[in-house]
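K.L.:
Starting off with a structure, shown below.
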Amino acid sequence: MRVALFITCVNDTLFPGTGQAVVKLLRRLGCEVDFPRAQTCCGQMHVNTGYPGEGTRLARRFVDVFAGYDAVVAPSGSCAAMVREQYPRLARAASAASLAGPPGGAASGRERASGRERASGWETAFEREVAEVAPKVHDLSEFLVDVLGVTDVGAYFPHRVTYHPTCHSLRGLHLGDRPARLLREVRGLELVPLSGAEECCGFGGTFAVKNPAVSAAMCADKVHNVMATGAEVLCAADNSCLMHIGGTLGRQRSGVRVVHLAEILAATEEDTPFPAGEATGGRAGGAR
Amino acid sequence: MSGTFLGMPAFPGNAAAAVHDSQLRFNLRKATRTIRGKRAAVVGELPDWEELRAAGKAIKDHTLRNLDRHLLRLEEAVTRAGGRVHWAADAAEANRIVAELVEATGETEVVKVKSMATQEIGLNEALAERGITAYETDLAELIVQLGDDLPSHILVPAIHRNRSEIREIFREKMGQWGRAAPGDLTDDPRALAEAARLHLRERFLSSKVAISGANFMIAETGTLVVLESEGNGRMCLTLPETLISVVGIEKLLPRWQDLEVFLQLLPRSSTGERMNPYTSTWTGAAEGQEFHLVLLDNGRTDVLADEVGRQALRCIRCSACLNVCPVYERVGGHAYGSVYPGPIGAILTPQLHGMTRATPASHGRGISELDASLPYASSLCGACFEACPVAIDIPEVLVHLRAKAPHPRSERLAMRAAGWVFDRPVRLARTQRLGGRLRRFVPGRLPGPGAAWTDTRDVPDIPAESFRDWWDRTEGGTR
Amino acid sequence: MNSRERILARIRTAVAGAPEVALVPARPPAAATGREVELFAERVADYRAVVHVAEPGKEGAVIAEALARRGARRVVVPGGLPREWERAVRDHPGCEVVTDDPPLSAAELDAVDGVVTGCAAGIAETGTIVLDAGPGQGRRVLTLMPDYHLCLVRAGQIAAGVPQAVAALDPARPLTWISGPSATSDIELDRVEGVHGPRTLEVIVIR
């Protein structure tokens, strides 16, 4: 199966270890992994902050880049949900705008110059491309469980782990218990339940800086629940939420590490053991 | 209610202040968690909940699409049954109509059933200016009115108050408005409810005019429907000689039978009960009463004109979205600066006031800073959409309104710069390499807007090499 | 242009071009389960109302016992109450029967101890009683002012769920749906029974 890795801009820039873990894991499971170099960002930050013009431009790039693959895998529930849930809306809005008259912010200068009739045909093509590509985009755990049909991925991670289902993987993609099923098969791993797991950690993209007081209050409760589990590691399917929770855990010198699901699933007996008892909430090095 | 939401600062400031009020946080947490559990239990009891939810959505969407036709049917049916129908384009007109109707009876006091529409238009204040006193009779509204406070929840306007605070308000203020609270009043909710019963009983017996809202209006039959718990609604709807109902034009259902869907959705979503204690329905002038229906627009037709935003008009004011919202739970209702707080308020208030232009409802001022900040008062976690009994995709509308909201210049520039970087992979790669080179110089506490992040969180370590550079260097990890 | 015309015009402009949304057919009511009486009694009791199930013809004794337990001295009976029920109230020793003919004032009703009525429908699923101000139920205020309401429900009146009840009721009549005694959740979202409506609801289901 020819699989494209949609790394996401956050992982590409800040958490390359997560991408490396996905590559290692998928190859171990027999997939041919490609990394289309032309990819940049899905546009979620722009769209969710109120800049659909830029977001739509990035969505067009995304469907161009990822058309033609059997499957697109992202180590991010949030970015996968962006493509699957919001792209169809963006495409519809772009079509409506182009049909309604002079294209607004959704179309670039060149498109505008191409004339209304051609633009509208082009917009409809965009909707078709989205309809074609979006359903093939999967979050990692979804791809493993639903597409490859595996839950035991041959991983070894001898630690006490708790799992935070991020909002977009829970309520956007409806991942359900897929991540937990994968984690339960990891050798040596003890999965402990997180109370209030389904409550938002307070990241919310630019929400974290636009409403810092509320965001911090939400995170304080999440951190409290994480610490109460006694877990060494907090795992999730989104590094952005983990950056927020991990940043707070780190500031509080909690000793709890945050590790992306992909890095746990990629880890085997050959990996350098996780340094024990290091009092930092920063990024884990385990699978890197 | 003599407080006012007018002129409040933007949401982030209000929220930051509220977050530090530990009593408020405790009250809200306790109350919202109680109701969440109850709702989940009674919703789980119905195997056809999702079907009901879909039916509720479809009925409301049909009604909104054909609102003109159904309003005319309603008008005809109410008139045929002996009621009088009035149309109010905005708050000022609705207030004037109600005041004139009350003045025509010669009364200077009215009793009120809890109603969001009359709060929205500031009816009590408008009546007071014309020498008419409006007495709130719902327990929570009474607490708000006596406490000279503002409502903070759709269903339970005094949710921010706990029992001992309520006891203090009753002891201090009841005497100024009517029968005083007993001297030995405890903070037992039973005792507090009893004090309200005694305080309001003489008011009910003497009032000649009542003002209500309605949860639903049936176009086919001209029937109005009010759901309540305490019996104050029944008192107001049956005892006075004149009844005036102020109802938003979106509260319509086409057919009598449609009520079954909403009588199942609303109580379970709102108080977490199989059914609320009392529901009253009446058609026109019931049992010899004089009945007036004031149909209120006040910005609703503006909301209707927005293809994405119009779904907010499906709202049946159950407040399930408030009760599950992590933001609401931590800041309470006042921070939203509107009678409609929480997630639904964040999409309804700015739309009712007009997102892009000065409307009569915004007093010609254009969008206020507070209204512009409301679509951002959410982490987009989606809990509200999941709980909504009429499937309003609140996150979708929030994102849609963010695109219409005015943006600060610095943010516009930052977003444009980010867009420029993401437009070409080579620009992204160069930016990543620059970051990698500067990684050792990133301080633990960032200045300026970055402080919003680093006040409570560490900055992640910037890696020396991005993923794409690693892929190139190692040929996809094969070298 | 008056406000009526303005609002209608604004609506028409707002929805112009929007796709039509078909009105879903009313949902078919669920079939009767045969367990309606038991479920109804159980669900009414969940609201902390007092519930009795009586065999047909035996309800008079249950009425008398209930009034005696309550210690009711002055009881309102609406016009059209079945003769045997009214007789049970009249026969209750020391009980004065008050009728609503001529109509009682709210203050007079406030001074009585209780009211005995029938109903228009019951709903098993939600434990709800519906009054439609018909014979044996009286004006709405009759079941509102007294602090004690004793309501009789015949098995045949109990619908399985809300859809069946809505279909059977007449919207032209003023309806009062009652689910347990008056209550409030306004203090810390904790339910407390008893505010303005009757604080005690007692129900006799006639099998």
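Residue numbers (full-length UniProt numbering), protein chains in the order written: chain A, 1 to 288; chain B, 1 to 479; chain C, 1 to 207.
We put the beta carbon where it would ideally sit given N, CA and C, even for glycine.
Just so it is clear, the structure is predicted and the values come from calculations on it, not from any experiment.
Look up C/CYS151 in the DSSP assignment and give the residues it is bridged to.
P.N.:
Per DSSP, C/THR117, C/VAL203.
K.L.:
Between C/ILE158 and chain B, is the shortest Cβ-Cβ distance under 8 Å, so that the two count as touching?
P.N.:
It does not; no Cβ of chain B falls within 8 Å.
K.L.:
Which residues, in chain order, does the segment 43 to 58 of chain A contribute to contact with chain B at a C-beta distance below 9 Å?
P.N.:
Answer in chain order: GLY43, MET45, HIS46, VAL47, ASN48, THR49, GLY50, TYR51, PRO52, GLY53, GLU54, GLY55, ARG57, LEU58.
K.L.:
Nearest by alpha-carbon distance to C/GLU20: which of B/ALA40, B/ASP48, B/ALA117, B/LEU64 is it?
P.N.:
Residue B/LEU64 is the option with its Cα nearest to C/GLU20.
K.L.:
Sort B/CYS384, B/PRO389, B/ALA16, B/ARG409 by Cα distance to B/LEU398 and report the nearest one.
P.N.:
Checking every option, the nearest Cα to that of B/LEU398 belongs to B/CYS384.
K.L.:
Helix, strand or coil for C/SER185, going by three-state DSSP, please let me know.
P.N.:
C/SER185: strand per DSSP, three-state reduction.
K.L.:
Taking a cut of 8 Å between CB atoms, which residues from the segment 192 to 212 of chain B lie near chain C?
P.N.:
So the close ones are LEU192, ALA193, GLU194, ALA196, ARG197, LEU200, ARG201, PHE204, LEU205.
K.L.:
Could you check if A/HIS168 is buried or exposed, using at least 16 other CB atoms within 10 Å of its CB as the buried criterion?
P.N.:
By the neighbour-count rule (16 or more Cβ atoms within 10 Å), A/HIS168 is buried.
K.L.:
Residues of chain C with CB closer than 8 Å to the CB of B/GLU93, please, in chain order.
P.N.:
By Cβ distance, chain C contributes SER3.
K.L.:
Looking at the structure shown, is B/GLY436 part of a helix, part of a strand, or coil, going by DSSP?
P.N.:
DSSP places B/GLY436 in helix when its eight states are reduced to three.
K.L.:
Give every residue of the same chain whose Cβ lies closer than 6 Å to the Cβ of C/ALA124, excluding the five residues on either side of it in the sequence, and list them in chain order.
P.N.:
The answer, listed in chain order, is GLU36, LEU39, PHE40, ILE158, ALA160.
K.L.:
Report the residues of the segment 183 to 212 of chain A with a CB closer than 9 Å to any CB of chain B, ordered along the chain.
P.N.:
Under the 9 Å Cβ criterion, the segment 183 to 212 of chain A contributes GLU198, GLU199, CYS200, CYS201, GLY202, PHE203, GLY204, GLY205, THR206, PHE207, ALA208, VAL209, LYS210, ASN211, PRO212.
K.L.:
At a Cβ cut of 9 Å, what residues of the segment 223 to 236 of chain A count as close to chain B, listed as they run along the chain?
P.N.:
Going along the segment 223 to 236 of chain A in chain order, one finds no residue with a Cβ nearer than 9 Å to chain B.
K.L.:
Let me make sure I understand the geometry here. Which of B/ALA452, B/TYR340, B/PRO408 has the alpha-carbon closest to that of B/THR118?
P.N.:
Ranking B/ALA452, B/TYR340, B/PRO408 by Cα distance to B/THR118 puts B/TYR340 first.
K.L.:
Which bits of chain B does C/ALA183 rub up against, with CB to CB less than 8 Å?
P.N.:
By Cβ distance, chain B contributes SER229, GLU230, PRO277.
K.L.:
Roughly how many angstroms lie between the CA atoms of B/ARG73 and B/LEU227, to the nearest whole one?
P.N.:
Cα to Cα, B/ARG73 sits roughly 23 Å from B/LEU227.
K.L.:
For chain A, check one thing: does any of its Cβ atoms lie closer than 8 Å to the Cβ of B/VAL399?
P.N.:
So, interface residue.
K.L.:
Going by alpha carbons, who is nearest to B/GLY309 out of B/SER269, B/GLY183, B/PRO375, B/GLU369?
P.N.:
Nearest option by C-alpha distance: B/PRO375.
K.L.:
Tell me which same chain residues have a C-beta within less than 8 Å of the C-beta of B/GLU202, skipping the five on either side of it?
P.N.:
Closer than 8 Å at the Cβ level, and outside the excluded window around B/GLU202, lie GLY178, ARG179.
K.L.:
Roughly how far, in whole angstroms, is the beta-carbon of B/PRO425 from the beta-carbon of A/ALA267, given that I think they are within contact range, below 8 Å?
P.N.:
Contact doesn't hold; Cβ gap of about 30 Å is too wide.
K.L.:
B/TRP177 versus chain C: which residues are under 8 Å apart at the beta carbon?
P.N.:
Here the premise fails: no neighbours, minimum Cβ distance about 16 Å.
K.L.:
What would DSSP say about A/ARG116, mapped onto helix, strand or coil?
P.N.:
Per-residue confidence for A/ARG116 stands at a pLDDT of 41, beneath the threshold of 50, marking its modelled position as unreliable; the derived number appears in the next sentence. Residue state, collapsed to three classes: helix.
K.L.:
Tell me which residue opens and which closes the alpha helix (DSSP H) that B/MET116 is part of.
P.N.:
Unbroken alpha helix (DSSP H) run through B/MET116: 116 to 120.
K.L.:
Per DSSP, C/THR128 forms a beta bridge with which residues?
P.N.:
According to DSSP, which records beta bridges pairwise, C/THR128 is partnered with C/ILE123.
K.L.:
Which residues does DSSP list as the beta-bridge partners of B/SER212?
P.N.:
Paired residue(s): B/SER245.
K.L.:
Could you please tell me which residues of the segment 159 to 173 of chain C, in chain order, have their CB closer than 7 Å to any CB of chain B?
P.N.:
For the segment 159 to 173 of chain C, which is checked against every Cβ of chain B, the residues closer than 7 Å are VAL162, PRO163, VAL166, ALA167, PRO171, ALA172.
K.L.:
Nearest to A/ARG92 by CA position, among A/ASP12, A/TYR69, A/GLU127, A/MET82, is which residue?
P.N.:
Among A/ASP12, A/TYR69, A/GLU127, A/MET82, the Cα nearest to that of A/ARG92 is on A/GLU127.
K.L.:
Judging by CA-CA distance, which residue of C/ALA31, C/LEU152, C/PRO163 is the nearest neighbour of B/GLN264?
P.N.:
Comparing Cα-Cα distances from B/GLN264 to each of C/ALA31, C/LEU152, C/PRO163, the minimum goes to C/PRO163.
K.L.:
Note down, one range per segment and in chain order, each alpha helix (DSSP H) of at least 4 residues found wholly within the segment 350 to 413 of chain B.
P.N.:
The segment 350 to 413 of chain B contains these whole alpha helix (DSSP H) runs: 369 to 373, 383 to 387, 394 to 404.
K.L.:
In whole angstroms, what is the alpha-carbon distance linking B/LEU185 and B/ASN162?
P.N.:
One C-alpha to the other measures close to 15 Å.
K.L.:
With 16 other CB atoms within 10 Å as the buried threshold, where does A/ASP152 fall?
P.N.:
A/ASP152 comes out exposed.
K.L.:
What are the start and end residues of the alpha helix (DSSP H) that includes B/TRP87?
P.N.:
First-last for B/TRP87: 84 to 88, but that is the beta strand (DSSP E), not the alpha helix (DSSP H).
K.L.:
At which residues does the alpha helix (DSSP H) containing C/THR26 begin and terminate?
P.N.:
Position check: residue 26 of chain C holds Ala in this sequence, whereas Thr was assumed. Segment: none, C/ALA26 is in no alpha helix (DSSP H) and carries neither H nor E.
K.L.:
Where do the N-terminal and C-terminal ends of the beta strand (DSSP E) with B/THR283 fall, by residue?
P.N.:
Where B/THR283 is concerned, the enclosing beta strand (DSSP E) stretches over 278 to 283.
K.L.:
Measuring alpha carbon to alpha carbon, tell me which residue in C/HIS149, C/ILE129, C/ARG139 is nearest C/ALA155.
P.N.:
Per the Cα distances, C/ILE129.
K.L.:
Quick check: what's the CA-CA separation for B/LEU6 versus B/SER373?
P.N.:
Whole-angstrom Cα-Cα distance: 15 Å.
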